[in-house]
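Numbering (the numbering used here), first residue to last: 1156 to 1617.
A virtual CB, placed ideally from N, CA and C, is assigned to each residue, including glycine.
Since we're looking at a predicted model, the values are computed, not measured.
To start, the structure itself, in structure tokens.
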Ligand code: SF4
């Protein structure tokens, strides 16, 4: 009998299923668009749809980051739902500039406004023509209906919109490197900046939620915290000597557009999660920016390799199941494979081409009994775990019910994490981030050994 009542119908037998998602391994596009918009300084995310959508998106981010997330909404009621939300959005644009004074309003759509067919560029043009957008202020948009894609594609679309609206080429190549990041935590963005700083590189990071969703408690409310990519920097991205996009799903569309629109040579890389992916990232930056790798970075790598070697006996041969977002899953699976673990099941809710091929490149082809669901859902993953459990599960907070049901050591990883802290503060990228991932995995694996050991075998020193 299942411990979590809503999982009691999960069977070990997996039947073919196409038109139904159960317990999705994703959330909706506007959540990602909102997160990306928060990574630009003085940018107010605006949800063009009903209040309920906006409340859900804000609360998903607020619960994950434990910080209040500000966003505005077109507040559709019956009238707007039937006749369209133009007048709501026009009114909202005036009110938001008057009350909150953002530099940019970043409008994303929802299922409702997309179904009605609201033409956001036309509405923005009308707002401009009617003088509702003050001089030096901007309204941009991304199309994010949630009956397609996921929070990852919403993030990618809004990041692309910043490049689309603002990046300009003056025809002169500057000396700054543009780094466009896939969805990672504020702590990861801070770590990316620290590594680039250690390599003495002049960079622009887009978006940058560090200093926004990990802002300190000062006792003073700041509508727009100090962090976020500056608008002037986004403009000058068009003159960068090169761009590196990290995370094909989250950063690819913006990086490609910067290349085609401004002819900035684009290089794609995996998110630097784990040893091998971080090696490739550092090496790419070294080559593209012609920057030597400092001893401090080499020492960090050495400490990670030391930890991997020290603890290899606890990871070797362990089987793992992963659920999450494609940009994270590929390098994470690779890192765990580097630790001689066997990645058996991998599930993402984000649709898109290339995930399975990238995974096969990173960890080899699927073997008998493996499951790679792209897109798939947590129900399918649970079925596989019921039929043949793994030694370890990585997933967001929703994975905890499955972990408890099947009694599997569990590491919270990805978005959302509603029931723990630390993800906004301690990075998972880079060599130091890899040490944190390893520490978390080892903690639950070794807790399991301690828990299951007969008293005479309960070791003080492991
Ligand atoms: S799935 Fe669509 S209707 Fe539901 S919260 Fe997301 S945008 Fe709104």
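Closest Cα partner of residue i within the set the options
| i | options | result |
| --- | --- | --- |
| residue 1564 | 1598, 1208, 1579, 1535 | 1598 |
| residue 1414 | 1431, 1392, 1402, 1428 | 1392 |
| residue 1537 | 1530, 1554, 1529, 1546 | 1554 |
| residue 1540 | 1346, 1529, 1561 | 1561 |
| residue 1198 | 1389, 1437, 1534 | 1389 |
| residue 1511 | 1496, 1494, 1203, 1531 | 1531 |
| residue 1544 | 1227, 1474, 1606 | 1474 |
| residue 1287 | 1269, 1253, 1386 | 1253 |
| residue 1479 | 1243, 1240, 1505, 1426 | 1505 |
| residue 1477 | 1614, 1300, 1500 | 1500 |
| residue 1221 | 1522, 1496, 1576, 1612 | 1576 |
| residue 1570 | 1606, 1481, 1448, 1509 | 1481 |
| residue 1219 | 1567, 1596, 1609 | 1567 |
| residue 1185 | 1229, 1310, 1335 | 1310 |
| residue 1412 | 1383, 1445, 1350, 1333 | 1333 |
| residue 1238 | 1163, 1210, 1271, 1358 | 1271 |
| residue 1591 | 1600, 1226, 1429, 1507 | 1429 |
| residue 1366 | 1596, 1616, 1608, 1579 | 1579 |
| residue 1443 | 1344, 1337, 1331 | 1331 |
| residue 1326 | 1416, 1255, 1607 | 1416 |
| residue 1305 | 1266, 1290, 1324, 1606 | 1266 |
| residue 1343 | 1363, 1600, 1574, 1175 | 1363 |
| residue 1160 | 1602, 1278, 1593, 1556 | 1556 |
| residue 1303 | 1542, 1275, 1269, 1243 | 1269 |
| residue 1460 | 1493, 1274, 1606 | 1493 |
| residue 1336 | 1386, 1404, 1329, 1387 | 1404 |
| residue 1195 | 1173, 1384, 1234 | 1384 |
| residue 1273 | 1289, 1605, 1241, 1171 | 1241 |
| residue 1358 | 1312, 1276, 1446 | 1446 |
| residue 1350 | 1600, 1528, 1470, 1588 | 1588 |
| residue 1426 | 1542, 1472, 1513 | 1513 |
| residue 1200 | 1176, 1509, 1217, 1228 | 1228 |
| residue 1528 | 1312, 1276, 1176 | 1176 |
| residue 1401 | 1231, 1339, 1345, 1386 | 1339 |
Per DSSP, cross-strand counterpart(s) of residue i
| i | result |
| --- | --- |
| residue 1276 | DSSP, once it has assigned bridges, lists no residue as partnering residue 1276. |
| residue 1198 | 1259 |
| residue 1527 | 1501 |
| residue 1567 | 1550 |
| residue 1426 | Residue 1426 is not bridged to any residue. |
| residue 1231 | 1205 |
| residue 1585 | 1428 |
| residue 1601 | According to DSSP, which records beta bridges pairwise, residue 1601 is partnered with nothing at all. |
| residue 1421 | 1398 |
| residue 1182 | Partner(s): none; residue 1182 has no beta bridge. |
| residue 1659 | One cannot answer for residue 1659 here, as it falls past the ends of the chain, which runs 1156 to 1617. |
| residue 1264 | 1203 |
Supposed close pair residue i, residue j - CB separation, criterion 8 Å
| i | j | result |
| --- | --- | --- |
| residue 1369 | residue 1341 | 4 Å |
| residue 1360 | residue 1347 | 6 Å |
| residue 1409 | residue 1315 | 4 Å |
| residue 1166 | residue 1215 | With 8 Å as the limit, residue 1166 and residue 1215 do not qualify as a contact, their Cβ atoms being about 30 Å apart. |
| residue 1698 | residue 1431 | Nothing in the structure corresponds to residue 1698, since the chain is present only between 1156 and 1617. |
| residue 1263 | residue 1299 | 5 Å |
| residue 1441 | residue 1448 | 6 Å |
| residue 1174 | residue 1502 | With a Cβ gap of about 18 Å, residue 1174 and residue 1502 do not count as contacting. |
| residue 1178 | residue 1534 | 5 Å |
| residue 1613 | residue 1605 | 6 Å |
| residue 1495 | residue 1472 | 7 Å |
ask   = Quick check: the region 1249 to 1266 against the region 1290 to 1307, are there 3 or more CB pairs under 8 Å?
value = Touching, yes, given that three or more Cβ pairs across the two stretches are closer than 8 Å.
query = Are at least three pairs of beta-carbons, each pair with one atom in the region 1389 to 1402 and one in the region 1413 to 1421, less than 8 Å apart?
reply = The region 1389 to 1402 and the region 1413 to 1421 touch, with no fewer than 3 CB-CB distances between them shorter than 8 Å.
request  = Inspect the CB distances between the region 1469 to 1486 and the region 1508 to 1525 and report whether three or more fall short of 8 Å.
outcome  = Counting Cβ pairs under 8 Å, three or more are found: they touch.
Any alpha helix (DSSP H) of 4 or more consecutive residues that is wholly inside the region 1379 to 1409 = Restricted to the region 1379 to 1409, the alpha helix (DSSP H) segments that are unbroken, complete and at least 4 residues in length are 1386 to 1391, listed in chain order.
task = May I ask you to verify whether the region 1537 to 1549 touches the region 1187 to 1197, counting CB pairs closer than 8 Å and requiring at least 3?
result = The region 1537 to 1549, when compared against the region 1187 to 1197, does not touch it at the 8 Å Cβ threshold.
inquiry  = Between the region 1451 to 1458 and the region 1343 to 1354, can you find at least three pairs of beta-carbon atoms closer than 8 Å?
reply    = A contact exists between the region 1343 to 1354 and the region 1451 to 1458.
inquiry  = Three or more C-beta pairs under 8 Å: does that hold for the region 1263 to 1282 against the region 1243 to 1251?
reply    = The region 1263 to 1282 vs the region 1243 to 1251: in contact.
ask   = So does the region 1464 to 1478 actually touch the region 1377 to 1392, counting three or more Cβ pairs closer than 8 Å?
value = Three or more beta-carbon pairs separated by less than 8 Å are not found between the region 1464 to 1478 and the region 1377 to 1392, which leaves the two stretches without contact.
query = At what residue ranges does the region 1326 to 1371 contain a whole run of the beta strand (DSSP E), taking only runs of 3 or more?
reply = Whole beta strand (DSSP E) segments, 3+ residues: 1332 to 1336, 1358 to 1361.
query = How do the region 1314 to 1321 and the region 1199 to 1207 stand: do at least 3 beta-carbon pairs fall below 8 Å, yes or no?
reply = No, they do not touch.
ask   = Do three or more CB pairs link the region 1430 to 1439 to the region 1581 to 1594 at distances below 8 Å?
value = Between the region 1430 to 1439 and the region 1581 to 1594, the count of C-beta pairs closer than 8 Å reaches three or more; the two stretches touch.
request  = Could I get the ranges of all uninterrupted beta strand (DSSP E) runs contained in the region 1268 to 1316, with 3 residues as the minimum, in chain order?
outcome  = Taking only runs of at least 3 residues, the beta strand (DSSP E) segments lying wholly in the region 1268 to 1316 are 1293 to 1297.
ask   = Unbroken beta strand (DSSP E) runs of length 3 or more, entirely within the region 1452 to 1509: which are they?
value = Runs found: 1474 to 1479, 1497 to 1503.
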